[in-house]
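Visitor:
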Amino acid sequence: MNLDKLFHLKERNTDVKTEVIAGITTFMTMAYILAVNPSILSASGMDSGAVFTATALASMIATLLMAAFANYPFVLAPGMGLNAYFAYTVVLQMGYTWQMALAAVFLEGIVFIVLSVTNVREAIFNAIPMNLKHAVSVGIGLFIAFIGLQNAKIVVDGATLVSLYSFKASVADGTFNSVGITVLLALIGVLVTGVLVVKGIKGNILWGILITWGLGIVCQFIGLYQVNPELGMFSLLPDFSNGISVPSLAPTFMQMDFKGIMTLDFFVIMFAFLFVDLFDTLGTLIGVASKADMLDKEGKLPKIKGALLSDAIGTSVGAMLGTSTTTTFVESASGVAEGGRTGLTAVVAAILFGLSLFLSPIFLAIPSFATAPALIVVGFLMLTSITKIDFNDFTEAIPAYICIIAMPFMYSISEGIAMGVISYVVINLLTGKMKEKHISTLMYVLAVLFVLKYILL
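Note that our numbering has the sequence shown beginning at 87, numbered continuously upward.
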């Protein structure tokens, strides 16, 4: 099989080796979803084994669709944030059953398929001005760096909302050998990954993950790192004691319950899933594609319809399997940073999601302190798009700035886009610049919808 013809590798200045490394890297930076998604969704009463299988299968299917429909290096999986909203808000707080929540996710996917086929999502993507698109890329960079800092516990809750982890306190309370050492390893991992990036080592981000994990295993062997499940610190070695078996999908497969479909509450839930997924996905596509220089001169993404369709179908298929909204992962940026430019990157990641069903102990053993340096360094690589923003024109720069700071501080890609769009329209409107800017009607519509969302939801 000629991979070059299939994926247009030469045309995009890449080769099979680069794409394979990129696929492995993206998978490694987001393999945590295989462990995290079951633990979050099981809070709603779902079977965690079935959710693990559903997560791996939904990720594999949706990512293969991305490769087939769009030939892009973007990888999909059940989204973080959306899974928490599913379990903690819809089920535990609002009192819906997880079966009804799955029905809302399924219908959201159907609405998305319609919006993708009718070009509505593509029109929204194209309506966002170029400076704001660069700002989205920068904001996502800060956002995933912040997630990395939290995952590694370098940044923790404090009197000032967030603060630096205290090694002195961890020595005093006896947690240095469980938590403290992992924070230190994550910091070393950032420096190691940084050096590998500077040296231009192929697969630098993947090597950063493996070296950090390897250092952790060494620390476990010599007793510097001590397993403490109470603090969420588990063995760093894969546990094959239960053999190799794939957990049954039966408890969650096709369990959607459409009973409450005609209520206002159900519509609000579906709209919330729809809104967050729509703008998280658009944000990720804008941010990662602009970083990979995939946008054309007008700031449009060729084949975006295929990318959006794979995301929409993935969401409905995921709900049928038994998992929350499947979406394009911002961690795809780590594969793009490794040089991934085609659907071959996505195919490699999809194959690994399939294999993870049988090798779950390996992927469940990858600690968050080992993947955190990758997220932090990828954050830096995405931040470099800030140089493309026109800071001489304040009507462009201020909305871009608002969009950038909103993402990490509000902990949401979609909120960043909402704030960016509202401020862009309002500032240009009040300063009389709307005519010379040729702001599209759709931007005004989006601004009004975002304002209504804050009033009504």
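Cβ coordinates follow ideal geometry from the N, Cα and C atoms, glycine included.
Do the stretch 263-275 and the stretch 409-428 touch if we need at least three Cβ pairs shorter than 8 angstroms?
Guide: In short, these stretches do not touch, since the Cβ pair count stays below three.
Visitor: Smallest Cα separation from residue 142: which of 462, 482 and 438?
Guide: Nearest of 462, 482 and 438 to residue 142, Cα basis: 438.
Visitor: In the DSSP assignment, what residue or residues form a beta bridge with residue 162?
Guide: According to DSSP, residue 162 bridges with 414.
Visitor: Figure out for me which residue from 224, 500, 254 and 231 has the closest Cα to the Cα of residue 486.
Guide: Among 224, 500, 254 and 231, the Cα nearest to that of residue 486 belongs to 224.
Visitor: Provide the residue(s) that pair with residue 242 in DSSP beta bridges, ordered along the chain.
Guide: According to DSSP, residue 242 bridges with 249.
Visitor: Is the distance from the Cβ of residue 322 to the Cβ of residue 299 below 8 angstroms?
Guide: Closer than 8 angstroms, so yes.
Visitor: Let's test the definition: count the other Cβ atoms within 10 Å of the Cβ of residue 478 and tell me whether it reaches 16, buried, or not, exposed.
Guide: Exposed.
Visitor: Rounded to whole angstroms, what's the CA-CA distance from residue 380 to residue 405? Just pull it up for me.
Guide: One C-alpha to the other measures close to 31 angstroms.
Visitor: Our contact map puts residue 208 next to residue 401 with C-beta atoms below 8 angstroms; I'd like the distance itself, whole angstroms only.
Guide: Incorrect: roughly 17 angstroms between the Cβ atoms, too far for contact.
Visitor: Counting C-beta neighbours from all protein chains within 10 Å, is the total for residue 503 16 or more, i.e. buried, or is it exposed?
Guide: Buried, by the Cβ-count rule.
Visitor: Judging by CA-CA distance, which residue of 112, 91, 232 and 164 is the nearest neighbour of residue 126?
Guide: Residue 164 is the option with its Cα nearest to residue 126.
Visitor: Indicate whether the contact test is met: 3 or more Cβ pairs, each with one atom in the stretch 170-189 and one in the stretch 350-367, closer than 8 angstroms.
Guide: Touching, yes.
Visitor: Taking all protein chains shown into account, decide if residue 245 is buried (16 or more other Cβ within 10 angstroms of its Cβ) or exposed.
Guide: Classification for residue 245: exposed.
Visitor: Cα-Cα, which of 277, 339 and 481 is closest to residue 510?
Guide: Selected option, being the one with the closest Cα: 481.
Visitor: Below 8 angstroms on the Cβ atoms is my guess for residue 105 versus residue 289; work out the distance and round it to an integer in Å.
Guide: With 8 angstroms as the limit, residue 105 and residue 289 do not qualify as a contact, their Cβ atoms being about 12 angstroms apart.
Visitor: If you check the beta carbons only, do residue 385 and residue 226 fall under 8 angstroms apart?
Guide: Cβ distance not < 8 angstroms, so residue 385 and residue 226 don't count as in contact.
Visitor: Distance check for residue 150 and residue 97, CA to CA, integer angstroms please.
Guide: Taking the straight line from one Cα to the other gives about 21 angstroms.
Visitor: Could you name the residues of the same chain whose beta carbon sits closer than 6 angstroms to that of residue 124, not counting the 5 residues immediately before and after it, in chain order?
Guide: Result list for residue 124: 134, 137 and 138, in chain order.
Visitor: Using DSSP bridges, identify the partner residues of residue 314.
Guide: DSSP output for residue 314 lists 319 as bridge partner(s).
Visitor: Within the same chain, show all residues whose beta-carbon is closer than 6 angstroms to that of residue 115, passing over the 5 residues directly before and after it, in chain order.
Guide: Here the set comprises 417, 420, 457 and 460.
Visitor: How many Å lie between residue 247 and residue 275 at the Cα?
Guide: One C-alpha to the other measures close to 25 angstroms.
Visitor: Which residue marks the beginning of the alpha helix (DSSP H) containing residue 141, and which one marks its end?
Guide: Its alpha helix (DSSP H) spans residues 134-156.
Visitor: With 8 angstroms as the threshold, decide whether the Cβ of residue 134 is near any Cβ in chain B.
Guide: In the structure shown, chain B cannot be found, because there is only a single protein chain.
Visitor: Would you list, in sequence order, the uninterrupted beta strand (DSSP E) runs of no fewer than 3 residues that lie entirely inside the stretch 162-231?
Guide: Qualifying beta strand (DSSP E) stretches, in chain order: 162-164.
Visitor: I'd like the span of the alpha helix (DSSP H) that includes residue 96, first residue to last.
Guide: No alpha helix (DSSP H) holds residue 96; DSSP gives it neither H nor E.
Visitor: Quick check: the Cα distance between residue 362 and residue 309, rounded to an integer number of angstroms?
Guide: Answer to the nearest angstrom: the Cα atoms are 44 angstroms apart.
Visitor: If you draw a straight line from the C-alpha of residue 493 to the C-alpha of residue 233, how long is it?
Guide: Approximately 11 angstroms, taken between the alpha carbons.
Visitor: Locate the alpha helix (DSSP H) running through residue 554, then write down its first and last residues.
Guide: Shown here, the chain extends from 87 to 543; a query on residue 554 therefore has no answer.
Visitor: Does the beta-carbon of residue 444 have 16 or more other beta-carbons within 10 angstroms, so that it is buried, or is it exposed?
Guide: Residue 444 should be labelled exposed.
Visitor: Short check: CB of residue 189 to CB of residue 390, under 8 angstroms?
Guide: Cβ atoms of residue 189 and residue 390: not closer than 8 angstroms.
Visitor: Between 528, 508, 93 and 191, which lies nearest to residue 341 when the distance is taken from Cα to Cα?
Guide: Ranking the options by Cα distance to residue 341, first place goes to 191.
Visitor: Measuring from the CB of residue 397, is there a heavy atom of the ligand SAM at a distance below 7 angstroms?
Guide: With respect to the ligand SAM, the structure offers nothing, as it holds no ligand at all.
Visitor: Taking only runs of the beta strand (DSSP E) that begin and end inside the stretch 383-456, which ones reach a length of at least 3 residues, in chain order?
Guide: Runs of the beta strand (DSSP E) inside the stretch 383-456: 412-414.
Visitor: Just mark residue 153 as buried or exposed, buried being the case when its beta carbon has 16 or more other beta carbons within 10 Å.
Guide: Residue 153 comes out buried.
Visitor: Are the CB atoms of residue 93 and residue 396 nearer to each other than 8 angstroms?
Guide: No.
Visitor: Do you know how far the Cα of residue 515 is from the Cα of residue 204?
Guide: Near 29 angstroms, if we compare the C-alpha coordinates of residue 515 and residue 204.
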